[in-house]
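A short write-up of the structure that comes next.
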Amino acid sequence: MKTDTSAVNIDRDKGDFHYKVDYGYDAGVGLDERVVNYISDVKQDPDWVREFRLKALQTFESKPLPTHWASKDLEAIDFNKIRYYLAQGQRATRSWDEVPEDVKRTFERLGIPEQERKFLAGVEAQFDSEAVYSNIKKAVGEQGVIFVGSTEGLKEYPEIFRRWFGKVIPTGDNKFSALNSAVFSGGSFIYVPPGVKVKHPLQAYFRINAENFGQFERTLIICDEGSELTYMEGCTAPKFNTATLHSAVVELIALKGAKLQYITVQNWSPNVFNLVTKRGLAHEESEIKWIDCNIGSRLTMKYPGVVLKGRKSRGEVLSIALANNGQHQDTGAKMIHAADETTSNIISKSISIGTGRATYRGLVHVPKHLKNCRNNTECDALLINATSRTDTYPAITVRGTGNSVQHEASVSQVSAEQIFYMQQRGLSEAQAMSLSVNGFVNDLVRQFPMEYSVELKRLIELEMEGSVG
Amino acid sequence: MSHGTAVLEEVTQTPAVNSTVTSAPPEAAGDLPRWFQQQREQGWREFSALPNPSRKDQAWRFSNVDALDLSSYRFGNALSDHEHAEILERSAVLNGKSGRLIFANDQLLDRDALPESLRKAGVIFQPLERALIEHEDLVHKHFMAQPAVLGSAKFAALHRAQVRAGAFIYIPRAVELDLPIEIFHWLVDENAAVFPHLLLVADEMSKITVIEHFRSFNQTAPGFACGVNDLIAGRGATVKYICTQRWNENVTALQINATTVERDASAMSLNLHLGGSYSRFESLSRLVGEGARSDLLAVAVAHRKQEFDARTLQDHVSPHTASDLLYKNALDDRARTTFGGLIRVEPHAHFTDAYQKVRNLLLSDDAEANSMPGLEILADNVRCTHGATSGQIDEDELFYLRTRGIPIKTAQHLIVTGFLNEVVRRLDQPAIAAHLHRLIEEKFGNARG
Amino acid sequence: MQQLEIKNLRVAIGENEIIRDLSLSVGLGEMHAVMGPNGSGKSTLAKVIAGHPDYKVTGGEVLMDGENLFELDPDERARKGLFLAFQYPSEVPGVTIANFLRAAMQARLPEGEELEATDYYAKLYEKMDLLEIDRSFTSRAVNEGFSGGEKKRCEILQMAMLDPRYAVLDETDSGLDIDALKVVASGVNSLRGPNLGVLLITHYQRLLNYIVPDFVHVMVHGRIVRSGGKELALELEEKGYDWIREHAGEPVAA
């Protein structure tokens with residue numbers, strides 16, 4: 121039985137290639153006001169955006185790196201050696217035929233146009249700083265769904281964009297959200313009108329092609345009352361010897377009764393610093409769900425969160441992190457309960473292989489005088505080798521008598537007895553190991569959409585190769 | 038005296054000084070060993086140089102660092118005869134004990150020495166000051182040998198500079214004490230500061246139980262307590278340590294513990310936290326030999342505006358070691374608790390079993406419980422779990438009790454004390470457990486009365 | 037040579053010799069029972085045949101149809117037709133029985149050949165019915181949270197699915213009540229035939245009331261001290277192991 125796994129391209133080797141591309145727009149190396157102004161000029165930003173960027177630059181410069189709690193490895197990022205803006209053109213086309221040949225080759229090789237035909241309601245493909253392609257199926261567009269890049273969004277739909285932009289994640293939330301706010305480019309702007317249920321997922325694909333580059337996409341998704349949306353993002357970059365920076369900001373807003381699911385499968389090459397801020401704002405009876413699969417990168421720091429602002433809203437983070445040799449997956453979740461009867465659920469599974477390190481950081485906050493709030497957190501870590509490391513650092517604050525919060529974590533490993541048992545049934549050591557690891561994530565992966573779960577399992581198998589012995 | 042062989046030590050006469058404990062360096066005391074003098078000076082330098090804690094510091098996250106304004110505390114006055122007599126009268130807890138020391142305002146008030154059989158066996162139980170002279174090498178080897186790694190390095194330095202009262206206990210190889218040793222520390226007058234110290238060294242295959250009582254003479258006088266206890270369980274030794282912290286609710290208290298558990302030894306500690314306005318407890322348990330086991334137990338009953346702040350580290354240094362932590366907090370009124378705990382399994386400490394559980398029972402809408410249970414696992418073949426829950430009295434459980442005719446207040450009370458007693462039962466020391474139950478009941482009696 | 041042949045086997049853990057010059061042959065189509073008191077080395081024998089890495093073979097060999105097993109990895113031995121039913125089967129969290137067995141069967145197919153799903157399930161359900169195992173069982177993780185009886189039935193189910201040439205059943209009766217024992221025994225009996233050789237390791241005679249052996253061997257202190265027909269088991273049950281020990285010249289007190 122053969123399963124079609126071409127739906128999602130997260131095979132590391134598949135992403136490890138790059139083409140020489142001529143960039144028409146290049147902000148040069150390093151970061152200062154000149155670079156920010158260059159980006160604003162090129163993008164023809166309205167004045168309020170230019171001011172927003174310049175102010176954010178100041179915030180970025182004034183904030184220290186969070187090394188008092190986070191990895192010192194952050195100090196390896198040289199902000200003066202990064203290129204902050206690289207693009208061929210300024211407008212995304214609606215047709216693959218109009219995408220420049222050299223860029224189109226990349227996405228074809230990644231299989232994006234094919235997936236679009238098969239099962240997606242819309243696709244945006246970003247190449248370094250700008251989207252080169254953005255299209256939404258006609259029927260979905262006719263329902264009033266907006267799916268464009270952030271630049272187009274802020275110009276064409278200012279009344280919706282400005283109302284929510286930077287409201288869920290303020291510029292000064294952390295050093296990297298400030299950096300993104302100063303130099304953001306690309307990312308998606310999505311609006312789903314009241315009551316519209318988008319049947320098929322919208323997908324964005326983020327591709328880093330250039331060396332010494334920083335990608336700073338900015339995504340803002342608003343699901344109006346009673347609407348439903350699934351958004352998926354995939355990321356790859358070629359393997360370079362120098363550090364590449366990916367620092368996105370993603371803001372989600374689910375208005376009353378809306379359901380929003382955001383799925384990430386990242387498969388960064390091991391030179392990428394992936395420092396991303398993601399947060400959702402859930403209004404009354406709405407639901408925001410983050411599904412986050414972190415594979416690859418040198419250091420990932422990402423803690424998707426939900427602010428449960430409306431009564432009976434619900435937040436969920438389901439995450440899988442796989443830290444292979446030399447990698448540090450520092451991931452987690454934040455759940456801020458701010459209304460009665462809100463519920464949140466966090467399930468995190470991490471696997472550390474070789475010298476890999478997986479860290480879970482969690483924040484659960486149930487403030488005063490709320491009633492019937494519930495949080496459940498489960499963190500399970502699997503260690504494959506004696507040199508692997510795992511950490512768990514949750515912080516939980518609960519006030520009052522009406523709420524209940526539960527956190528559980530466990531650490532386990534694939535035992536020698538277990539491997540022997542499976543070998544006795546005829547499986548090789550590597551197959552046995554891979555089966556054990558898939559078993560470990562199985563109950564979680566089952567909750568993912570089919571296309572992702574199949575590919576994820578296959579990818580885990582690939583990552584497990586060579587980790588035995 | 039209660040003990041037939043009691044020998045009354047010469048009571049320490051510390052002259053009252055006007056300067057506060059944070060404004061003046063310790064005075065030289067000519068008869069103490071030189072290394073000890075140097076440690077005091079070193080402690081003072083460190084205390085002066087280290088910054089005040091900040092909430093941005095992970096070790097002080099959620100802590101009310103403003104409570105640590107120590108500017109008004111000084112050494113307490115000499116006691117009046119009336120105070121002296123009353124304290125002695127109130128320092129009777131256990132009927133059966135191997136020995137007892139009573140300190141008030143860091144002055145030695147009274148002592149029940151060990152029975153002769155134990156003294157002949159080589160057991161040492163002395164005030165620190167005397168042990169410094171008579172058993173200088175033993176004390177020197179172990180005195181504050183473990184750095185305070187859980188946030189209070191500054192206050193450990195202050196303790197090192199200002200310590201003047203406490204106990205030194207040494208149990209020789211294969212000696213077992215059937216009855217516990219008791220130590221009392223009293224805070225007496227307003228703005229008094231005390232620095233209770235305990236150094237316990239249990240040699241190979243020995244066995245001992247020690248109980249410390251921290252109390253206030255007066256139910257309202259503000260005060261400051263900054264204690265350190267170092268427990269060393271040598272190969273195959275069994276050490277049990279119990280502390281009942283009942284400072285009054287205007288006292289700021291810091292207690293810094295380091296427990297070292299060697300090969301095949303086991304250590305169990307139970308800290309009952311009842312008093313203090315802000316009370317911080319740091320506990321480091323180091324499992325340094327194969328087969329070592331450490332049980333870390335604590336109960337906090339928090340009400341009014343009390344704040345209890347516990348930070349723990351279960352440090353597995355050797356393979357085949359086990360640790361089990363159970364902390365339970367009951368919170369009423371506007372009380373706050375913080376638990377920051379870490380299980381660390383060092384590289385090569387394979388086959389570790391480590392557990393950590395913190396349970397918060399919130400009894401009021403304004404109570405706040407913060408939990409930070411942490412794991413750092415750098416070894417393989419490890420069985421590790423941790424859990425943190427925060428909730429309230431289960432409605433069904435309450436209903437069940439009420440259907441049996443139990444009034445709601447009584448039912449709540451039963452459920453809460455049952456919740457806490459689960460920890461106390463783990464101690465397996467009926468006489469001490471009964472005392473702890475009484476104290477818990479008393480505190481609830483206070484609150485509801 | 038259609039047999040599983042143990043020749044002059046010696047096995048140690050560290051300094052401790054557990055199997056001392058043991059020889060035994062199980063032909064295809066034969067059912068051999070090895071009985072022995074606790075600590076006689078029975079379970080060690082089972083694990084060594086399967087290739088458990090904790091044991092050191094210090095002498096002798098085990099040949100399966102003439103091939104030296106000690107030159108093969110545990111999974112190679114399994115794929116060549118050796119099955120071990122474990123006394124204490126491992127839990128494999130999150131991996132369902134259906135997926136597990138499928139992976140094991142897939143591993144036996146030549147490269148590039150895919151297991152036919154419909155045939156697989158047909159066979160699986162047939163064997164499950166035989167062992168009175170509920171269908172819902174297939175979606176449970178291997179041995180996770182199983183009762184003693186469920187674990188043993190799961191072992192026999194795997195044996196039925198994997199069609200071994202030689203099976204070693206290690207204390208398959210331990211932890212079973214009489215009803216569960218009957219089910220497991222009838223499962224084993226249904227697999228008996230000219231193409232299967234079985235080495236049945238047990239402490240108690242009662243299993244042999246339900247699985248009647250062709251040969252019985254008594255193992256004491258790491259070697260076979262007596263062999264005979266099925267009546268030997270009854271004699272042993274009646275007289276106890278001390279009787280054998282006396283005959284074998286071994287010290288009576290353990």
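Chains as they are written, first to last, in this note's numbering: chain A, 121 to 589; chain B, 38 to 486; chain C, 37 to 290. Glycine residues also receive a C-beta, built at the ideal position from the N, C-alpha and C atoms. Keep in mind the model is a prediction, meaning the values are calculated, not measured.
Query raised in the report: Skipping 5 residues on each side, what residues in its chain have a beta carbon closer than 6 Å to that of A:Thr-462?
Result: In chain order, Leu-428, Ser-433 and Cys-493 place their CB closer than 6 Å to the CB of A:Thr-462, counting only its own chain and leaving out the 5 sequence neighbours on each side.
Requested in this report: Determine the contact status of C:Gly-3 and C:Val-219, defining contact as a CB-CB distance below 9 Å.
Outcome: Given a span of 37 to 290 for chain C in the structure shown, any question on residue 3 of chain C remains unanswerable.
Query raised in the report: Taking the Cβ atom as the reference point for each residue, do C:Ala-196 and C:Leu-166 lie within a distance shorter than 9 Å?
Result: yes
Requested in this report: Decide if C:Ile-214 is buried, meaning its Cβ has at least 16 other Cβ atoms within 10 Å, or exposed.
Outcome: Counting of Cβ neighbours within 10 angstroms places C:Ile-214 among the exposed residues, the total staying below 16.
Query raised in the report: Considering only residues of the same chain and omitting the five flanking positions on each side of C:Tyr-246, which have a CB-CB separation below 8 Å?
Result: Leu-217, Lys-218, Ala-221, Ser-222 and Asn-225
Query - Rounded straight-line distance, which links the Cα of C:Thr-80 to that of C:Ala-48 - result: Cα to Cα, C:Ala-48 sits roughly 9 Å from C:Thr-80.
Query raised in the report: Rounded to a whole number of angstroms, what is the C-alpha to C-alpha distance between C:Arg-189 and C:Leu-212?
Result: 10 Å
Query raised in the report: Quick one, which residues of the region 318 to 331 of chain B are near chain A if we go by CB-CB under 7 Å, in chain order?
Result: none
Query raised in the report: Between B:Phe-205, B:Arg-92, B:Cys-421 and B:His-387, which lies nearest to A:His-188 when the distance is taken from Cα to Cα?
Result: Taking only the C-alpha atoms, the option nearest A:His-188 is B:Arg-92.
Requested in this report: Please determine if the region 132 to 145 of chain B and the region 194 to 206 of chain B are in contact, where contact requires at least 3 C-beta pairs separated by less than 8 Å.
Outcome: As far as the Cβ criterion goes, the region 132 to 145 of chain B touches the region 194 to 206 of chain B, which means the pair count is three or higher.
Query - Inter-residue spacing [alpha-carbon to alpha-carbon] between A:Glu-405 and A:Glu-353 - result: 25 Å
Query - Every unbroken alpha helix (DSSP H) within the region 75 to 144 of chain B, with a cutoff of 4 residues, ordered by chain - result: If only uninterrupted alpha helix (DSSP H) runs of at least 4 residues are considered, those enclosed by the region 75 to 144 of chain B are 118 to 127.
**Report entry** Chain-ordered chain B contacts of A:Asn-108 [CB-CB under 8 Å]
**Finding:** Residue 108 of chain A lies beyond the stretch modelled for chain A, which goes from 121 to 589, so this question has no answer here.
Query raised in the report: Quick one: does A:Val-396 have its CB under 9 Å from some CB of chain B?
Result: Answer no: the Cβ-Cβ gap between A:Val-396 and chain B never drops below 9 Å.
Report task. Give every residue of the same chain whose Cβ lies closer than 8 Å to the Cβ of B:Leu-464, excluding the five residues on either side of it in the sequence, and list them in chain order. Result -> Lys-277, Ile-279, Met-305, Leu-307, Leu-334, Ala-470 and Leu-473
Query raised in the report: When Cβ atoms are compared, which residues of the region 77 to 96 of chain B fall closer than 9 Å to chain A?
Result: Contact residues of the region 77 to 96 of chain B toward chain A are Lys-93, Asp-94 and Gln-95 (C-beta to C-beta distance below 9 Å).
Query raised in the report: Going along the chain, which unbroken runs of the beta strand (DSSP E) with 3 or more residues stay wholly within the region 456 to 513 of chain A?
Result: You should have 463 to 472, 477 to 486 and 494 to 503.
Report task. Note down the Cα distance separating C:Leu-268 from C:Val-252, rounded to an integer number of angstroms. Result -> The straight-line gap from Cα to Cα measures roughly 6 Å.
Report task. Report yes if the CB atom of A:Ala-357 is closer than 9 Å to the CB atom of A:Trp-388, and no otherwise. Result -> yes
Query raised in the report: Taking 9 Å as the CB-CB cut-off, is A:Ser-433 touching chain C?
Result: Answer no: the Cβ-Cβ gap between A:Ser-433 and chain C never drops below 9 Å.
Query raised in the report: Going by beta carbon distance, what residues of the same chain come within less than 6 Å of B:His-250, once the five residues before and after it are set aside?
Result: Phe-221 and Thr-281
Query raised in the report: Counting pairs of Cβ atoms below 8 Å between the region 189 to 196 of chain A and the region 221 to 236 of chain A, do you hit three or more?
Result: no
Query - Alpha-carbon spacing of A:Leu-419 relative to A:Phe-309, whole angstroms - result: 27 Å
**Report entry** Straight-line gap, B:Trp-284 to B:Arg-197 (C-alpha atoms, nearest Å)
**Finding:** 21 Å
Report task. Please decide whether C:Arg-189 counts as near chain A, where near means a Cβ-Cβ distance under 9 Å. Result -> Contact with chain A is absent for C:Arg-189, since none of that chain's Cβ atoms lies less than 9 Å from the residue's Cβ.
Query raised in the report: Interface residues of chain C around A:Glu-537 at Cβ under 8 Å?
Result: The contact set of A:Glu-537 on chain C, defined by CB atoms closer than 8 Å, consists of Ser-126 in chain order.
Query raised in the report: When you compare each of C:Leu-137, C:Gly-148 and C:Gly-184 to C:Tyr-124 by their alpha carbons, which one comes out closest?
Result: C:Gly-184
Query raised in the report: Are the C-beta of B:Gly-273 and some C-beta of chain A separated by less than 9 Å?
Result: no
Requested in this report: Select from A:Thr-497, A:Ser-554 and A:Tyr-311 the residue whose C-alpha is nearest the C-alpha of A:Gln-533.
Outcome: A:Ser-554
Requested in this report: Can you check DSSP and say which residues form a bridge with B:Ser-314?
Outcome: According to DSSP, B:Ser-314 bridges with nothing at all.
Query raised in the report: Any Cβ of chain B within less than 9 Å of the Cβ of A:His-448?
Result: With 9 Å as the cut-off, A:His-448 does not count as an interface residue toward chain B.
Query - Residue range of the unbroken beta strand (DSSP E) whose run includes A:Lys-183 - result: Boundaries cannot be given for A:Lys-183, as no beta strand (DSSP E) includes it and DSSP labels it neither H nor E.
Query raised in the report: With distances taken between CB atoms, is the gap from B:Leu-311 to B:Ala-347 smaller than 9 Å?
Result: no
Requested in this report: Output the distance between the C-alpha atoms of C:Asp-250 and C:Phe-106, rounded to the nearest integer angstrom.
Outcome: Each residue's alpha carbon lies about 27 Å from the other.
Requested in this report: Please compile the residues from chain C whose C-beta is within a distance smaller than 9 Å of the C-beta of A:Tyr-572.
Outcome: Per Cβ cutoff of 9 Å: no residues; A:Tyr-572 is ~17 Å from chain C at best.
Query raised in the report: To the nearest angstrom, how far is it from the Cα of B:Ile-380 to the Cα of B:Gln-351?
Result: The C-alpha of B:Gln-351 is placed about 5 Å away from the C-alpha of B:Ile-380.
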